[in-house]
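Protein chains: 2
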Amino acid sequence: MATTQILSSDDLLKHWQGHRNLTRRTIEAFPEDKLFKYSIGGMRSFAELVYEFLGMCVPGATGIATGQWTAWADAKEVHTKKELLALWDHATEELNRIWPTIPGNRFAEVDTAFGQWPGTCTSFVFYFIDNEIHHRGQGFVYLRSLGIEPPAFWDRQGL
Amino acid sequence: MATTQILSSDDLLKHWQGHRNLTRRTIEAFPEDKLFKYSIGGMRSFAELVYEFLGMCVPGATGIATGQWTAWADAKEVHTKKELLALWDHATEELNRIWPTIPGNRFAEVDTAFGQWPGTCTSFVFYFIDNEIHHRGQGFVYLRSLGIEPPAFWDRQGL
Numbered sequence: 007m008a009t010t011q012i013l014s015s016d017d018l019l020k021h022w023q024g025h026r027n028l029t030r031r032t033i034e035a036f037p038e039d040k041l042f043k044y045s046i047g048g049m050r051s052f053a054e055l056v057y058e059f060l061g062m063c064v065p066g067a068t069g070i071a072t073g074q075w076t077a078w079a080d081a082k083e084v085h086t087k088k089e090l091l092a093l094w095d096h097a098t099e100e101l102n103r104i105w106p107t108i109p110g111n112r113f114a115e116v117d118t119a120f121g122q123w124p125g126t127c128t129s130f131v132f133y134f135i136d137n138e139i140h141h142r143g144q145g146f147v148y149l150r151s152l153g154i155e156p157p158a159f160w161d162r163q164g165l
Numbered sequence: 007m008a009t010t011q012i013l014s015s016d017d018l019l020k021h022w023q024g025h026r027n028l029t030r031r032t033i034e035a036f037p038e039d040k041l042f043k044y045s046i047g048g049m050r051s052f053a054e055l056v057y058e059f060l061g062m063c064v065p066g067a068t069g070i071a072t073g074q075w076t077a078w079a080d081a082k083e084v085h086t087k088k089e090l091l092a093l094w095d096h097a098t099e100e101l102n103r104i105w106p107t108i109p110g111n112r113f114a115e116v117d118t119a120f121g122q123w124p125g126t127c128t129s130f131v132f133y134f135i136d137n138e139i140h141h142r143g144q145g146f147v148y149l150r151s152l153g154i155e156p157p158a159f160w161d162r163q164g165l
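This is the structure:
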């Protein structure tokens, strides 16, 4: 069988925002103090993992759209769940705004994300999404170990 | 901007097998007894999560290729890491064998995976991959809590 095109850039944005929607509900599920302080096995707190997701989201989409990569940095630190959710929601809107400005030919282009990681722009987006799924799964363990039921993994606005 | 096709069925197989390669190395990182017995917060052992991945992999690819879905069931239980890795390697070969038999038009078709979950065949594959990333991330927490360094998340044969 010849290979078939199976995913469009619109599909990919929907997939990403679907996962981001689940991550938002995971942030909400944490008690305020545990969000910033709790971890297992010397790992980062869930808030620190969320800073990483935010550091990839708008800066990553901007780099893909423009070819201009800012130096890698996590999102700024905040001190309350409300502030973290506000950063999240702002990134959601920004991602929706930036995405349609990405030239179609950019997805297959090879670039160096944040001046450090070579690959196609499509591979960068999958890395951002997969990294978020991976670390959000770790957040689910934090919640379970605290006796808190996480949101359902399958319940998201995805593909 | 008009939407752009950004991913082919060949890319998707490569992406999936890249993640499966990382999962294999995660299985290898577990001490034998911990693989089958250890968990946090009342969750399943990593071996039990791996049965779930295996239950989605070849049965899922077969359903997509043929439209024939077997009833949902996890993979059979085994008792050693060696046996689990052998199941894994067999699934790797089977997935590579089945994938090229999937008719190109199947990816966009709507079906009901395992007679239970409606969606496009492409969405099923992403669900299988994302579920594996999610639970493998949990396995990473198990390893960290045991003082064991997991394999590097970024180190895989992916896109």
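Protein sequence lines correspond, in order, to chains Y and L.
When you line the first sequence up against our numbering, it's residues 7 to 165, in that order.
When you line the second sequence up against our numbering, it's residues 7 to 165, in that order.
Positions of the beta carbon are idealized from the N, C-alpha and C atoms, including for glycine.
Between the C-alpha atoms of G66/L and V84/Y there is a straight-line separation of about 42 Å. By the Cβ rule, the segment 30-38 of chain L does not count as touching the segment 135-148 of chain Y, because fewer than three pairs are nearer than 8 Å. In the three-state scheme derived from DSSP, where H, G and I count as helix and E and B as strand, W94/L is classed as helix. DSSP places I135/Y in the uninterrupted alpha helix (DSSP H) bounded by C127 to S151.
Taking C-beta atoms under 8 Å as the contact rule, I135/L and I108/L fail to qualify, at a distance of about 15 Å. By the neighbour-count criterion, in which 16 or more other beta carbons inside 10 Å mark a residue as buried, D161/Y falls on the exposed side. Distance from T10/L to S15/Y at the Cβ level is roughly 5 Å; contact confirmed, criterion being Cβ atoms closer than 8 Å. Between the segment 94-107 of chain Y and the segment 39-55 of chain Y there are fewer than three inter-stretch CB-CB distances shorter than 8 Å, so the stretches are not counted as touching. Listed along the chain, the chain Y residues whose CB falls inside 9 Å of the CB of I33/L amount to none; the nearest CB is some 16 Å away. Cβ contact annotation for L60/Y (same chain, cutoff 8 Å, sequence separation greater than five): D80, A81, L93, W94 and A97, in chain order. Cβ neighbours of I46/L within its own chain (closer than 7 Å, five residues either side excluded): V147, Y148 and S151.
Under the three-state reduction of DSSP output, T29/Y falls in the helix class. Q122/L and T72/Y have their alpha carbons spaced roughly 42 Å apart. At least one CB atom of chain Y sits nearer than 9 Å to the CB of M49/L. Contact note: D161/L does not reach chain Y at a C-beta cutoff of 9 Å; the least C-beta distance is about 12 Å. In terms of Cβ geometry, L91/L and R26/L do not form a close pair [threshold 9 Å]. Residue contact with chain L for I70/Y: absent (no Cβ-Cβ distance below 9 Å to any residue of chain L). Per the DSSP secondary-structure output, Q122/L pairs with nothing in a beta bridge. Interface with chain Y (9 Å Cβ-Cβ cutoff): R150/L is included.
Nearest to R112/L by C-alpha distance, out of T68/L, L28/L and Y57/L, is T68/L.
Pairing L28/L with P157/L gives a Cβ-Cβ distance under 9 Å. Setting aside the 5 residues that flank it on each side, E115/L is surrounded in the same chain by C127, each with a C-beta closer than 6 Å to its C-beta; the list follows chain order. With its beta carbon at least 9 Å from every one in chain Y, N102/L lies outside the interface.
Across the segment 12-25 of chain Y, CB contacts with chain L closer than 7 Å involve I12, L13, S14, S15, D16, L18 and H21, in sequence order along the chain. No Cβ of chain Y is located within less than 9 Å of the beta carbon of A53/L. In the three-state scheme derived from DSSP, where H, G and I count as helix and E and B as strand, S51/L is classed as coil. Residue pairing of Q11/Y in beta bridges, as defined by DSSP: S14/L. Contact with chain Y is absent for R30/L, since none of that chain's Cβ atoms lies less than 9 Å from the residue's Cβ. Chain L has a Cβ within less than 9 Å of the Cβ of Y133/Y. Judged by DSSP in its simplified three-state form, D117/Y adopts strand.
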